[in-house]
Amino acid sequence: MNQPSHFAKNLLGISTSTPDKSLSQGSVFDSASDYVSFLDRARETAPSYWVRTAEDLVWSQPHQGLGKPGDWFSGGTLNIWGPCFDTQALKSDSRAAGLHTVGPDNTVNALSTEELAASVDRAAAQLAAAGLSVGDRVLVALSPGDSWVRSILACLKLGLVCVPVSPAESPATVSRRFEKAGCQLMLTDPSSSPVDKIPESKILRLRDDPPGEQGPATVPVGPMHPAFVLSDAAGQLFTVPTAGFMVQAVSAYRYLLDGRGSGDVTWMLPRPDHTSALAAMLGTLAGGGEVGIL
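Right under this line is the structure:
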């Protein structure tokens, strides 16, 4: 953690050595074969697995049952903000670190869970002032970092649908994604350049306003409410429902990322528009861990 560049080299390289045994202390699985056996059991009993995992989410209104594809967790309402912040504020010290980012000089900057929540509130206030409604789609064109995290969380808190795209994409690609996904607003940083075919009136350059009043209220949505609009390898767009995505995110942290909760930092080199990066980020926060972005 003191040398972030070391983490980056390890993640980008190929490890052929056996990890130190101390790294597996507290691990859910003792071996890869244990994980494969668990995966097989989960697939065989998929409905009960989903129900058990969904119990760890925070429901604004309890669901009546699992339902079926297209109507999962019928009757329930929830918001991703709940497991990421409200639950953790009750379980642990909100002053503990929640997000680590690496500065240009290779120093690690840390935001506590409390500070991250306040930063998300400030971003949500700017989005609310833009006159968006629940279900509106927002193109999030930000590189991985603190602004990327708080923008996504701010959208989800308000019941908006995130359409993440890498700002490294060409302006033509960005504008095409804006149009194809039916976005009402593009969210980017203050230094970004204009984008062809996206009017300035449809662009919100996110400011990091100083702390002020409490942010807008959390908006509960239905389980099948889209959390994200993402693109597959062929460029086809698909939506990911809120409850299903959080079941995936919680599972990823608990079983794939060896999540241990408080004090556990999940370091990532994320692609800002990839499902695995989004699941790792939100699953880590929901599990009480700390997100580290290299």
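Counting with the working numbering, you get residues 11 to 304 for the letters of the sequence shown.
Quick reminder that beta carbons are idealized off the backbone N, C-alpha and C, glycines included.
The Cβ atoms of His110 and Ala253 do not sit closer than 9 Å to each other. Here Ser70 is exposed. Its C-beta has fewer than 16 other C-beta atoms within 10 Å.
Its Cα nearest to that of Asp156, the residue Glu125 stands out among Glu125, Leu166 and Leu137. Scanning Val61, Gln224, Gly141 and Tyr263 for the CA closest to the CA of Ser211 turns up Gly141. With contacts defined by Cβ atoms closer than 9 Å, Phe238 and Thr228 do not form a contacting pair. If you draw a straight line from the Cα of Thr276 to the Cα of Ala106, it comes to about 15 Å. Here the alpha carbons of Ala289 and Pro280 stand approximately 11 Å from one another.
A contact between stretches requires three or more CB pairs, one per stretch, nearer than 8 Å, and the region 162–174 meets this requirement with the region 121–137. A buried status is given to Arg147, since no fewer than 16 other beta-carbon atoms sit within 10 Å of its beta-carbon. A distance below 8 Å between beta-carbons, with the five flanking residues on each side excluded, links Thr183 to the following residues of its chain, in chain order: Val175.
A direct Cα-to-Cα measurement between Thr63 and Val260 gives close to 8 Å.
Thr117 and Pro181 have their C-alpha atoms roughly 31 Å apart. The criterion of a C-beta distance shorter than 9 Å is satisfied by Val301 and Val159.
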